[in-house]
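These notes concern the structure reproduced below.
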Amino acid sequence: DAKTTQPTSMDCAEGRAANLPCNHSTISGNEYVYWYRQIHSQGPQYIIHGLKNNETNEMASLIITEDRKSSTLILPHATLRDTAVYYCIVRVAMVPEGAQKLVFGQGTRLTINP
Amino acid sequence: SAVISQKPSRDICQRGTSLTIQCQVDSQVTMMFWYRQQPGQSLTLIATANQGSEATYESGFVIDKFPISRPNLTFSTLTVSNMSPEDSSIYLCSVEGHSGNTIYFGEGSWLTVV
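In order, the protein sequence lines correspond to chains A and B. Quick note: the first sequence uses this note's numbering, first residue 3, plus one each step. Quick note: the second sequence uses this note's numbering, first residue 617, plus one each step.
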């Protein structure tokens, strides 16, 4: 089962920041928080991941609370092309004996409105 | 990142037949994953395929229904056997990047069983 809880849907105006919350209250110390998105049933696209520090890349920022029980993905200037289902996933990374699978929840359907 | 190609991208099949989906990666990877996404649903992991060993199937998926081959470090196939309309889904191949931090997805194979 997925270890994350996300709102089913959200709306955001074009040009504004989209803030997508995720709860992961049972996260373990060695589990990372990953975000993916899926646009119109294409393959999921990796966005960002982090362990406990806030992270930023060209796509988004990830804010993780100090207790690591929740996080927020921020799309700073949302465009219509950001309309997608966003998945928050916790996963152990960098395991020497092999990859750890991604377990997807239902995600948040984000709609960017003109 | 890894570039993943899947074939076929889309197919319509008769019930009772079998279809083999191919996944080709542009670099050598240790772990490959096969997911299924039924209409309107999230992704569900079918199995993990490691080169040179038998695939590891998730609960609810069996080798007789979804045989997997992994002949080398850049290629894998998933066969959907004895198809029924309930097998109509998107089937996605994914791989772990070389750093071990990120999993990348192909664009998926849309399968409709009639």
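From the three backbone atoms N, C-alpha and C, an ideal C-beta is built for every residue, glycine too. These numbers were taken from a predicted model, which means no experiment stands behind them.
I need the DSSP call for Pro98 of chain A, collapsed to helix, strand or coil. Unreliable placement is indicated for Pro98 of chain A, whose pLDDT of 47 sits below 50; no coordinate value is reported for it.
Measuring straight from C-alpha to C-alpha, what distance separates Ala15 of chain A and His79 of chain A? 9 angstroms
Could you pull out every unbroken beta strand (DSSP E) segment of at least 3 residues lying fully inside the stretch 699-730 of chain B, listed in chain order? 705-712, 719-721 and 725-729
Contact with chain A by Leu744 of chain B, beta-carbon distance below 9 angstroms: In the structure as shown, chain B begins at 617 and stops at 730. Residue 744 of chain B is therefore absent and cannot be evaluated.
Since Gln40 of chain A and Val87 of chain A should fall inside the 8 angstroms C-beta cutoff, what is the C-beta to C-beta distance between them, to a whole number of angstroms? Contact between Gln40 of chain A and Val87 of chain A holds: CB atoms are separated by about 5 angstroms, below the 8 angstroms threshold.
Please name the residue, chosen from A:Pro23, A:Ser73 and A:Ile66, that lies closest to Thr110 of chain A on a Cα-to-Cα basis. When each option's Cα is compared against that of Thr110 of chain A, the closest is A:Pro23.
Tell me whether Val619 of chain B is buried or exposed, calling it buried when 16 or more other Cβ atoms sit within 10 Å of its Cβ. exposed
Arg686 of chain B, enclosing beta strand (DSSP E) - first and last residue: Ile684 to Asn688
Are the stretch 27-37 of chain A and the stretch 60-74 of chain A touching, with three or more C-beta to C-beta distances below 8 angstroms? yes
Only counting the same chain, and skipping five residues up and downstream in sequence, which positions put a Cβ closer than 6 angstroms to that of Thr85 of chain A? Cβ neighbours of Thr85 of chain A within its own chain (closer than 6 angstroms, five residues either side excluded): Thr113 and Ile114.
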